[in-house]
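Just below is one structure, and these are the notes that go with it.
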Amino acid sequence: MPPRRSAHGQGASSSSGSSAGLGTGSSPAPGSAGARSGSPPSPPAPDSPDLSSGDSGSDFEDTLRLRRKRRPHRAQSRGPVSKRPRRREPSGDGSSLAASNPEQNTLFEAVRSAKIAVETVVDDWLETYKQDRETGFLELVNFIVRSCGCRGVVTLQMFRHLQNSEIIQQLTEKFEEDSAEYPLSLGTQPWRRFRAAFCELVAAVVRRCQYSVVYDEFLMDALISLLTGLSDSQVRAFRHTSTLAAMKLMTALVNVALGVSLHQENNQRQYEAERSKGPGRQATDKLEALLEKRRELREQQEEIENMMNAIFKGIFVHRYRDVVPEIRAICMEELGTWMKSYTASFLTDGYLKYIGWTLHDKQREVRLQCVKALQGLYCHRDTAAHMELFTSRFKTRIVSMVLDKEPDVAVEVVKLLTLMLENTEEVLTEEDCQSVYPVVYVSSRALASAAGLFLYRRLLDPRREAGREPSRDGDNRTFFRLLLAFFIESELHEHAAYLVDSLWDCAGPRLRDWETISALLLEESPTKGLADRQEKALVEILAASVVQAAEGQPPVGRSLAKKPSARERKAQAEERTRLTHCLIPALPQLLAKFSADAEKAAPLLEVLRCFDLSIYCTGRLEKHLELVLGQLQEVVEKHTGQAVLEAACRALHALCDPELALHGRGDLVRSRLADQLADKFHQEVTELLQASSLDEEEVYSMAATLKRISILFNAHDLTPWQLFEPCTQLLQRALDTGEVPPQVLVPAITCLHFHILWELSRLPRTDVPQEQLQSLKTRVTSFCSLCQSCLSDADAGVREQAFVVLSDLLLVFGPQLPRDGREALAPLVLLPDEGLQSQLAAFLMDHVFHHACSHEELSAMEDSENHIEELHQRRVLLAGFCKLIIYDVLELSAASDVFKHYAKFYSDYGDIIKETLNCTRQIDRQEWARTLLLSLQQLMTELLLQQGPEIRASEAFLEIRDLARRFSLLFSLQQLRNRPALLSMHKEGIQFAFQEPPGPGPGLPPLNLPFLEVLSEFSPRLLRPDKALLLAYLEKMYQEQRWLAPQDVPWPSLVAYRNSLQPQEERGPVNSRSTAPRPPPGSAAKRPRIDAPSEHPDSSPWPSSRLPSPALTSTALRGGPRPPLTRPPAWDPGSDPSLLQSSSLSHRRSGVNRLSLMVEEEEEEEMMIEEESSEEDAPEQDRTLLAPEDQLRDLFDSTILGIEDI
């Protein structure tokens, strides 16, 4: 790869031969820039050559960048560039810029207004040029200058007497814009249209001039010289605009060269044809004319090639590695166009190497343009055949870009590999293809679909073998056998839904061939039939394709690319009707064949829910409905698995929909099932209560019956079967004797839970009978008492189920129950007493926040399915407890038991705890801040009890400080709203630090004094006046306690906290490695000055007080002397609450806006939030494989808190 040079260095190294002005008429030498023969008074710093560096091009750009932080209304109030008034300056001999309102550039105004066709504008300009080429050329030059956003104008005197570098230098000096924006950098619709028209105009100029003016040795030579000089400018606007113009100019010249080449070929054929005639038939005049035409075309070809060579070597080879990504992307995009249009000249290794090198660029848009350029080359076999050397050199890089961090780049890379697969002979090896196959399971649907097309072309297309044209049914059978082989043998994923979704766009008609799938599944031939694993996989594919066709939604974890249109919804409804007609006759046969296998029966029952069930009636298919209902009842009676029973209950619920004409048949089957299960359960409960012991068969039978009832209870109201009393007796018997096994207790608790919920749902909203209310209240109270007793059960399943059910009931019967017109249900409100709250918190500590595993244990358990399930269950428990806090069932202070584990268990529960922090902050900021402080105090107290007073150097103390730092980030925004809470937090934290007396021995600090170091993590979030007030309060507490430290050995914690409250220039040394947190770099420079305080206390956000103002509450005195800490402001010893009521903290002059305090701190803190959040949150992969264990978490994480209603 060639060495990189800066924009300045590139131009300087090639500009020595460009001393002529624009009007010299000489063509620039290859690589000439002509921009450095003269330099501004203060030479700008050169650009950085690194491709990954920022968009910095000069000192001028640095000046513009300082002005980028503007108020939004200012950016909106700015008019278009052409309407800004120009400054009037005297114009002497014409050698300086004409800045005194010159004539408007007609080209720029016409292109910007977009009211005239570009071809018409170019024709008018061409007439002007033919009349006076200098005037016409200056109009084109000033159009380019205006398109750069520059107000300067190149006059005729400048054109005739100044050189390129001098003109560009003056344009740069007069480029006095108040922002870094210019037309090409603006993204609004008018300026996007302007960019397109700009490119079209450059191309139209060449197109209209290609037969004469292009070869006049004036227009193109002078224009290329100007663009070369501008492209070497330090001003980004000049570089960007001139590079775009030069690249579009080059593209137009390539088209001209292609046309000249075609004319040469035609001329050669005509000449050969004329010469092949006999001596008497040859026309000498025609041969001479053809020879003359050949010489003319050859001269034109050479002239065009010289122009292209000047642009390529003078602009492209420098700008393709410019520091601005947009410029590099323009170069790569146009290079691909040249190669595709004029392959004879540009499809060589000398040009392809630039694309290969730039594939390693660090910017997304540059890599994207490189890949798109290669797509245009590999899409044809003839051009792909000329790229063997490039392919062998850069194929490894292209294949590795399948995992590019930018999804849109990876999508285009997979499309490129698909083109390479189709148009090259065995270039991609099997190892290369293995890198693409797993991408069909990624979360990005666009990328997965692209990989699905690659997979289909490589492995699954039945017609990929030459000369094979079987029937459609044979094709689809082959397709499904190949698909099953890939799905089973690859072992990349267990869920067929993601594979089906990836293939849906390219193989959708094959996947919707329901008849072929049904026929394959129903085959009984031992030779043609499928194996057991193949049958299971094909059933999953059938279910996934049916769900995809009926619902039109991708599987969980993949977002829908776009909202379906009305036509797509209509097609989806028609497809649902078609699949219903196809599968209604086949479904009973499939269930009859696979009903004994739970793994196959469950997906088939899911298929039933996707039917248009009204067709059973309208299509006179009642006999098929009877068969399906019979099979469904048989499945419920046969199986005890959770998944298959839930699928059966959902299918039965769909068939019992009251809106269906035949819902009575479903109701009949449901009643029959409930009667059988209820009778059996009553009989088994009676036997259990009377028997002294149970054998395994009786226990298994009762557990299976209760499991079926509990799952059926979830979707169907079984309260008429009176199951509450026998389940309560079972639960009471288990608590009294402990003889009831856990596999019976868990479904019994579930049944009681659903029984209560169904009873509640049947109550009317108004005029509720008191007898029903009292009966339900009694049942709820007794059941909650039983669940509370089960929290201490020896079996983990019973404990967890009792906790989940108890959390749900407390939430349902919480304070929000009588709202929204349900005031009659107020007597049912159930509030937990202190004992229950303590027991819930203790359960959380024992079974959720238990001792963390070591790294070795975690790595050993990482792939364990049991570990994933256990983690999921613990997340459920934690989410249930957090919901009780969010919905005001538990006091906010109870959240301290959760918040204090935020850092330690961040990888497992960080998202849940963070959401709880955000939600509780909206409830009561003051109480929320006290809860955060309480959690830190609890950790501090526990650490003192475990390790004694010497804790400052321990790792656990540093972890507490880290937790405080994370908490402090939550106070970064909305500082005025957080201000009282922060002050209250600091005040109570100071009191806690001085609360415990010191240990025995002289000069020892209070036991809790190290807590001040924890508290110092919140100091950067304070406003400056508040820091002064807290500093005074700290000194007051220190003097009141009279625990004086020796003068020669200060207490490090006290000094650290004191320094965190003092300005930077007054901070003293601390004899400790734990000091107050440092502000982020550059934050002091961003903090604006604030005027002196006003005398109007009403402007304060706090209640007023009669206390005097403390010293130095105004930052206007920041640079002046400060009073020593030994002279605090006057303070009333009995007025601690005045900490939140002092009017001294108000900004008391009308010139000070309260928002300015928030703005000055938020600019500083937003930077810290970004830095800290990057440390807190583990970096997420843009596209992660949806492994089964991830599915467990993904399905749960997004909805576990249920906070969308808040």
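Reading the sequence shown from the start, the letters are residues 102 to 1307 in my numbering. Here a beta-carbon is modelled for each residue, glycine too, at the ideal position from N, C-alpha and C. Please read all numbers here as calculations on a predicted model, not as lab measurements.
Check                                                                                                            : Outcome
Close Cβ partners of leucine 391 (< 7 Å) along its chain, the five nearest in sequence each way excluded         : Asn368, Gln371, Tyr372, Glu375
Valine 701, buried or exposed, once every other Cβ within 10 Å from all chains shown has been counted against 16 : The sequence given here places lysine at residue 701; valine does not occur at that position. Per the 10 Å Cβ criterion, buried.
Residues near glutamate 228 in its chain [Cβ-Cβ closer than 8 Å; skip 5 each side]                               : none
Rounded separation between threonine 1300 and glutamine 1038 - CA only                                           : The predicted position of threonine 1300 is uncertain, since its pLDDT is 30 and thus under 50; a value taken from the coordinates is nonetheless stated next. C-alpha separation (whole angstroms): 32 Å.
Through-space distance from histidine 364 to glutamine 383, alpha-carbon basis                                   : 22 Å
Counted within 10 angstroms of its Cβ, other Cβ atoms place threonine 459 as buried (16 or more) or exposed      : buried
Buried or exposed by the 16-neighbour rule on C-beta atoms within 10 Å, applied to threonine 787                 : exposed
Cβ neighbour criterion (16 or more within 10 Å) applied to asparagine 967                                        : exposed
Cβ-based neighbour list, proline 842, same chain, cut-off 6 Å, excluding 5 preceding and 5 following             : Val800
Check whether methionine 1041 and isoleucine 1061 have beta carbons under 8 Å apart                              : yes
Residue(s) in a DSSP beta bridge with proline 1050                                                               : Looking at the DSSP assignment, proline 1050 forms no beta bridge with any residue, so it has no partner.
Cβ-Cβ distance between asparagine 1109 and alanine 1094 below 8 Å                                                : yes
Distance CB(phenylalanine 695)-CB(leucine 684) smaller than 8 Å                                                  : no
Inter-stretch contact at 8 Å, needing at least 3 Cβ pairs: the region 531-542 / the region 599-617               : yes
Beta-carbon separation (whole angstroms), threonine 342 vs isoleucine 416, contact threshold 8 Å                 : With a Cβ gap of about 12 Å, threonine 342 and isoleucine 416 do not count as contacting.
Length of the line joining the Cα atoms of threonine 221 and aspartate 606                                       : 44 Å
Integer Cβ distance of aspartate 450 from phenylalanine 491, believed to fall under 8 Å                          : 7 Å
Terminal residues of the alpha helix (DSSP H) in which glutamine 734 lies                                        : 723-739
Within 8 Å, strictly: CB atoms of glutamate 1089 and arginine 1031                                               : yes
Residues near arginine 185 by beta carbon distance below 6 Å, same chain, minus five either side                 : With a pLDDT of only 35 at arginine 185, under the threshold of 50, the placement of this residue in the model should not be trusted, and no figure is reported.
C-beta contact flag for alanine 651 and cysteine 750 at 8 Å                                                      : no
Continuous alpha helix (DSSP H) assignments of at least 4 residues falling wholly in the region 1031-1115        : 1056-1070, 1076-1094
Limits of the alpha helix (DSSP H) - the one that glutamine 401 falls within                                     : 385-412
Same chain, Cβ closer than 8 Å to leucine 475, five either side skipped, listed in chain order                   : Gly437, Ile456, Ile499, Leu517
Nearest-angstrom Cα separation, counted from cysteine 251 out to lysine 231                                      : 27 Å
Touching by the beta-carbon criterion (3+ pairs, under 8 Å), the region 907-914 and the region 854-873           : yes
Arginine 866, DSSP secondary structure in three states                                                           : coil
Whether leucine 604 touches glycine 553 by CB criterion (8 Å)                                                    : yes
Local Cβ density within 10 Å of glutamate 901, reported as buried at 16 or more and exposed below that           : buried
Closest Cα partner of alanine 298 within the set Ser536, Gln871, Ile217                                          : Ile217
Simplified DSSP state of arginine 923, which is helix, strand or coil                                            : coil
Cβ-based burial, leucine 769 [other Cβ within 10 Å; buried from 16]                                              : exposed
Inter-residue Cα distance where the pair is valine 1156 and leucine 993                                          : 33 Å
Three-way DSSP call (helix, strand, coil) for cysteine 1020 in this model                                        : helix
Inter-residue Cα distance where the pair is alanine 1129 and glutamine 938                                       : 40 Å
Entirely enclosed alpha helix (DSSP H) segments - the region 890-943, minimum 4 residues                         : 897-913
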